[in-house]
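So for the sequence shown, the working numbering puts the first residue at 275; every next one is plus one.
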Amino acid sequence: MQINTQGIKKMLHDEGIDIVGIADAAKLICAQPARPATALMPTARSVIVMAVAHSMGAVCSPHIKLWTRNKMQTSRLLDSVSEKLSRLLERNGYLTLPVSADKPVEIHKINPDTGKKFSHTKVIGHLSLKHAAVSSGMGQIGRSNLLLTERFGPHQRLGGIITEAELEPDSFRDLKLCIDTCDKCETSCPVGALKDGRYDVDTCFNYWTYGFDRLPTRKLREIPGYIKMLMWHWKRRDFVIEYGQTMITDVDFCIECMKACPVGSEWKRIRPSITKI
Ligand code: B12
Ligand code: SF4
Ligand code: SF4
275 MQINTQGIKK MLHDEGIDIV GIADAAKLIC AQPARPATAL MPTARSVIVM AVAHSMGAVC
335 SPHIKLWTRN KMQTSRLLDS VSEKLSRLLE RNGYLTLPVS ADKPVEIHKI NPDTGKKFSH
395 TKVIGHLSLK HAAVSSGMGQ IGRSNLLLTE RFGPHQRLGG IITEAELEPD SFRDLKLCID
455 TCDKCETSCP VGALKDGRYD VDTCFNYWTY GFDRLPTRKL REIPGYIKML MWHWKRRDFV
515 IEYGQTMITD VDFCIECMKA CPVGSEWKRI RPSITKI
């Protein structure tokens with residue numbers, strides 16, 4: 275295989291990757307707080323971004339745990355292809371770092387800028403794959419805070435590879451995929467984490483991780499409501515068994531913003547009518 279953009283894209287498509295974009299490591303668009311590729315590898319020249327479509331059947335399934343399994347398999351495909359290509363690039367003399375499509379992530383209890391405790395723990399990826407994807411012209415970040423691509427809308431999993439190999443980058447594209455008149459992701463969010471074009475990470479994190487629709491609070495008047503919610507869950511759920519399951523399978527409690535989004539040309543034929551525009 276030729277170590278160039280064309281050769282790498284062909285190999286990745288042959289391995290089952292649906293979309294491939296290449297970004298210049300030095301010009302990567304970063305999230306805040308920034309995690310540039312060159313901080314992970316000072317000699318990095320390129321970031322290869324990969325997307326694998328979810329199964330639309332799993333996205334629309336009434337049981338989110340079926341989607342979780344699909345998510346894990348898409349992550350597995352991305353990670354194993356990343357390993358394969360990374361080894362090949364290193365054998366050709368280019369230091370290469372596969373970036374996981376999933377956990378582990380950085381976990382911050384203390385705000386590194388102020389030294390003070392956050393009101394809610396923050397997590398962050400070592401590299402923001404959505405931003406890397408935008409840098410490579412693959413898509414646009416929608417109102418849902420998810421990456422939208424022309425083919426799959428938000429219904430794809432992302433993976434990445436940082437490498438010293440100097441590859442021809444794809445250009446950033448100013449895409450207009452998010453529909454101006456649409457707010458389906460916002461209205462579908464069960465806890466109001468998406469509102470007026472903004473995303474509240476703590477509210478989402480709390481619901482996505484535990485299924486809790488209230489944040490822990492120190493406000494006296496909110497404490498009874500919080501305890502009532504905890505009791506409701508305690509009565510109905512077995513946290514020990516759930517914890518065991520989470521250790522084996524990375525359980526999710528929510529994908530409503532993804533499920534609601536009508537974008538994605540490839541789904542037009544098969545998308546269930548509830549999510550058709
Ligand atoms: C951590 C993480 C989460 C966390 C936090 C999200 C977040 N925005 O930070 C939680 C668990 C809440 C989460 C939720 C979801 N996620 Co997520 N997540 C990630 C992960 C691993 C890293 C994201 C990241 O670091 N982004 C960069 C930062 C800087 O994000 P940001 O949104 O611009 O900004 C936030 C932070 O800065 C944070 N923050 C604010 N102040 C501070 C201060 C400090 C010190 C820190 C550390 C953070 C922090 O708040 C900001 C949000 O307001 C990525 C994979 C990856 N490596 O990229 C997947 C990823 C973004 N998630 C994904 C998905 C699908 C989801 C969910 C649908 C859940 C699910 N069931 O899978 C929801 C969607 C929520 C939404 N609408 O955005 C997909 C998105 C695919 C796509 N099409 O875009 C990704 C790309 C995984 C993948 N491999 O495909 N996610
Ligand atoms: S994952 Fe769920 S809780 Fe988080 S923003 Fe999307 S709809 Fe809201
Ligand atoms: S659901 Fe609508 S508003 Fe939300 S990201 Fe998709 S197109 Fe944009």
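C-beta atoms are modelled at their ideal positions from N, C-alpha and C, and glycine is treated no differently.
Source: prediction; values computed, not measured.
If I'm right that residue i touches residue j with Cβ under 8 Å, what's the distance once you round it to whole angstroms?
i: D524; j: M503; result: The Cβ separation is near 24 Å, so there is no contact.
i: G434; j: L468; result: About 25 Å; that fails the 8 Å criterion.
i: A311; j: A318; result: 5 Å
Tell me the DSSP bridge mates of residue i?
i: S320; result: D298 and T437
i: E380; result: I398
i: G427; result: T423
i: Y517; result: Beta-bridge pairing links Y517 to no other residue.
i: R472; result: K469
i: K391; result: I384
i: A308; result: In the DSSP output, where bridge partners are listed per residue, A308 has none listed.
i: I293; result: A325
i: L371; result: I436
i: P414; result: Looking at the sequence itself, residue 414 is Gln, so the reference to Pro does not match. DSSP, once it has assigned bridges, lists L422 as partnering Q414.
Quick check: residue i and residue j, are their CB atoms within less than 7 Å of each other?
i: N480; j: L494; result: no
i: L432; j: L403; result: yes
i: E424; j: S329; result: no
i: T437; j: S354; result: no
i: K458; j: A375; result: no
i: D454; j: T342; result: no
i: I322; j: H405; result: no
i: I384; j: K391; result: yes
i: C334; j: P464; result: no
i: E530; j: S462; result: yes
Enumerate in chain order the residues of its own chain whose CB-to-CB distance from residue i is below 6 Å, with the five nearest sequence positions on each side excluded.
i: D292; result: A325, V326 and A327
i: S356; result: P372, G433 and I435
i: G281; result: M275
i: L441; result: T279, I296 and S320
i: G485; result: F527
i: E340; result: In the sequence under discussion, the amino acid at residue 340 is Leu, which differs from the Glu named in the question. Correct list, in chain order: A332.
Report yes if the C-beta of residue i is less than 6 Å from at least one heavy atom of ligand 5; otherwise report no.
i: L420; result: As presented, the structure is devoid of ligand 5, carrying ligand 1, ligand 2 and ligand 3 as its sole ligands.
To which residues of the same chain is residue i closer than 7 Å at the C-beta, ignoring the five residues directly before and after it?
i: E460; result: R417, L468 and K469
i: M346; result: T523 and D524
i: T491; result: I497 and Y500
i: I551; result: Bear in mind that the predicted position of I551 carries a pLDDT of just 41, short of 50, making it unreliable; the figure below should be weighed with that in mind. So the list reads P536, once near-sequence residues are dropped.
i: L351; result: G290 and V326
i: G471; result: R417
i: Y473; result: N419 and A467
i: L314; result: L371, H400, L401 and I436
Step through the CB atoms of chain D and report whether any lies within less than 7 Å of the CB of residue i.
i: C463; result: Reference to chain D is not applicable here, since this structure consists of a single protein chain.
In chain order, what residues of the same chain have a beta carbon less than 8 Å from the beta carbon of residue i, not counting five sequence neighbours either side?
i: V379; result: V397, I398, G399 and H400
i: H287; result: V294
(request) Kindly confirm or deny that the region 499-518 and the region 283-298 touch, where touching means at least three C-beta pairs closer than 8 Å. (result) no
(message) When you compare the region 407-414 with the region 436-447, are there three or more beta-carbon pairs, one atom per stretch, that lie closer than 8 Å?
(response) yes
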